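To start, the structure itself, in structure tokens.
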Ligand code: SF4
């Protein structure tokens with residue numbers, strides 16, 4: 001029987017770099033984009049033999065800004081995917097898109113390509129925040145893009161929203177959430193801003209932590225997010241992700257459940273048969289060697305049983321429903337308590353982790369210090 005597979009495709013271009021972003025993306029000319037699309041298609045075609053063992057059930061096109069490619073380029077990429085890979089009957093196919101880079105024609109081509117989920121980089125409903133973040137769009141343009149997407153027939157849309165902006169008050173954050181739920185998307189990703197080294201925000205705010213929320217304020221932001229979104233029918237299923245019933249992102253769940261996925265494109269990561277590997281992050285090397293992935297892959301590592309157990313825990317505990325003890329036993333032939341008895345006991349006593357029937361999951365207090373807790377599941 002063919003195995004289940006997810007595909008991630010990376011588009012490393014943006015119209016303009018945002019002030020907080022350290023993702024692998026850059027501004028590019030039309031020629032650079034065209035050369036990249038050609039290389040991406042070569043990489044896709046190189047998987048012909050590998051693809052024979054799999055059926056694809058999720059695809060995620062991310063970036064960067066995939067919607068800064070021309071409609072015809074997106075179509076060529078999908079033609080190659082359909083030529084090489086076999087798909088299940090109703091796959092989830094997502095593309096990220098940014099307001100200011102879409103029009104009716106592009107959305108129609110997306111539909112024709114089988115894309116059935118959009119993830120829109122909204123980030124804020126306030127123009128002054130969008131300016132501070134260095135986004136290329138304003139709220140009016142977000143509304144237009146959202147409306148166009150609905151008119152084109154997209155019934156599964158995620159909106160990205162960013163909290164903890166410099167000097168943002170609790171009231172302002174509530175307003176952001178209220179206006180977002182009024183748009184009635186199927187999914188909301190609400191991330192807290194992180195100041196990453198090497199970004200303009202780092203230069204500006206690293207020396208001014210007082211402008212960013214402290215631990216207590218972060219807790220209030222988290223609680224407000226959960227309260228408002230849950231009151232409006234969005235269930236939290238991961239630390240930063242909320243969805244209407246049955247609208248969780250299957251592709252992202254695959255990452256947290258350690259399902260197999262193949263990353264295609266510059267810098268993309270794969271997990272195949274417990275092998276973790278990354279494509280090169282050097283554009284020139286990618287353009288030259290994309291047709292022979294084994295020559296441009298980096299950090300190829302076979303995960304030992306011990307590392308698989310660690311990943312099972314620190315990825316699985318990101319989900320609000322946590323991990324299953326039975327699944328742990330099925331995967332590793334050992335009882336979860338035999339491996340993590342002491343750690344679990346400590347966190348359960350401290351009120352950071354809860355156990356309910358077969359499942360172990362983080363409590364609200366646990367989520368607030370999740371990085372600290374998850375790191376204790378590493379051997
Ligand atoms: S659009 Fe997204 S990927 Fe591009 S610079 Fe902004 S945050 Fe980064």
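Numbering (full-length UniProt numbering), first residue to last: 1 to 379.
We put the beta carbon where it would ideally sit given N, CA and C, even for glycine.
As the structure is a computational prediction, the values presented were derived from the model and not from experiment.
- Per the Cβ contact rule, the segment 99–108 is in contact with the segment 62–70 (3 or more Cβ pairs under 8 Å).
- Spatial neighbours of residue 85 in its own chain (CB-CB distance under 6 Å, excluding positions within 5 residues in sequence) are listed in chain order as 51, 56.
- Rounded to the nearest whole angstrom, the CA to CA distance from residue 62 to residue 227 is 29 Å.
- Closest option to residue 11, judged by alpha-carbon separation, among 265, 364, 91: 265.
- Residue 23 has its Cβ nearer than 6 Å to a heavy atom of the ligand SF4.
- As DSSP reads the structure, residue 62 sits in a beta bridge with 10.
- The beta-carbon separation of residue 278 and residue 267, rounded to 7 Å, stays under the 8 Å limit for a contact.
- Along the length of the segment 90–138, whole beta strand (DSSP E) runs at least 3 residues long occupy 117–123, reported in chain order.
- When distances are taken from the beta-carbon of residue 225 to the heavy atoms of the ligand SF4, even the shortest one reaches 6 Å or more.
- Within the same chain, and ignoring the five residues on either side of residue 148 in sequence, the residues whose Cβ sits closer than 8 Å to its Cβ are 102, 103, 104, 107.
- For residue 64, the shortest C-beta to heavy atom distance toward the ligand SF4 is below 6 Å.
- Taking 7 Å as the cut-off, the Cβ atoms of residue 193 and residue 161 do not count as close.
- It is roughly 8 Å from the alpha-carbon of residue 218 to the alpha-carbon of residue 368.
- Looking at 143, 21, 312, 32, the one whose alpha-carbon comes closest to that of residue 330 is 312.
- Assigned with DSSP and collapsed to three states, residue 338 falls in helix.
- Annotation: residue 324 to residue 28 spans about 45 Å, alpha carbon to alpha carbon.
- With distances taken between CA atoms, residue 326 lies nearest to 357 out of 357, 302, 307.
- Taken through DSSP and simplified to helix, strand or coil, residue 162 comes out as strand.
- In the DSSP assignment, residue 187 falls within the unbroken beta strand (DSSP E) covering 187–192.
- DSSP places residue 269 within a strand segment (E or B) once states are collapsed to three.
- Relative to residue 307, the option among 288, 332, 365, 352 whose CA is nearest is 332.
- Residue 236 places its beta carbon 7 Å or farther from that of residue 180.
- Here residue 357 carries a coil assignment [DSSP, helix/strand/coil].
- For residue 115 against residue 157, the beta-carbon gap comes to about 11 Å, at or over 8 Å, which does not count as contact.
- Of all C-beta pairs linking the segment 278–290 to the segment 342–362, fewer than three are shorter than 8 Å, placing the two stretches out of contact.
- For residue 261, the three-state secondary structure derived from DSSP is strand.
- Setting aside the 5 residues that flank it on each side, residue 186 is surrounded in the same chain by 155, 156, 157, 158, 243, 244, 247, each with a C-beta closer than 8 Å to its C-beta; the list follows chain order.
- Annotation: residue 234 to residue 88 spans about 27 Å, alpha carbon to alpha carbon.
- Inter-residue distance for residue 315 and residue 94 is about 21 Å (C-alpha atoms, whole angstroms).
- Around the beta carbon of residue 289, 16 or more other beta carbons lie within 10 angstroms, which makes this residue buried.
- Per DSSP, residue 147 has no beta-bridge partner at all.
- Judged by DSSP secondary structure, residue 326 falls within the alpha helix (DSSP H) whose first and last residues are 325–332.
- For residue 18, the distance from the CB to the nearest heavy atom of the ligand SF4 is below 6 Å.
- Inter-residue distance for residue 123 and residue 130 is about 7 Å (C-alpha atoms, whole angstroms).
- With a cut-off of 6 Å, the C-beta of residue 68 is classified as distant from the ligand SF4, since no heavy atom of the ligand falls inside that distance.
- The residue from 99, 100, 35 with its alpha-carbon nearest to that of residue 76 is 35.
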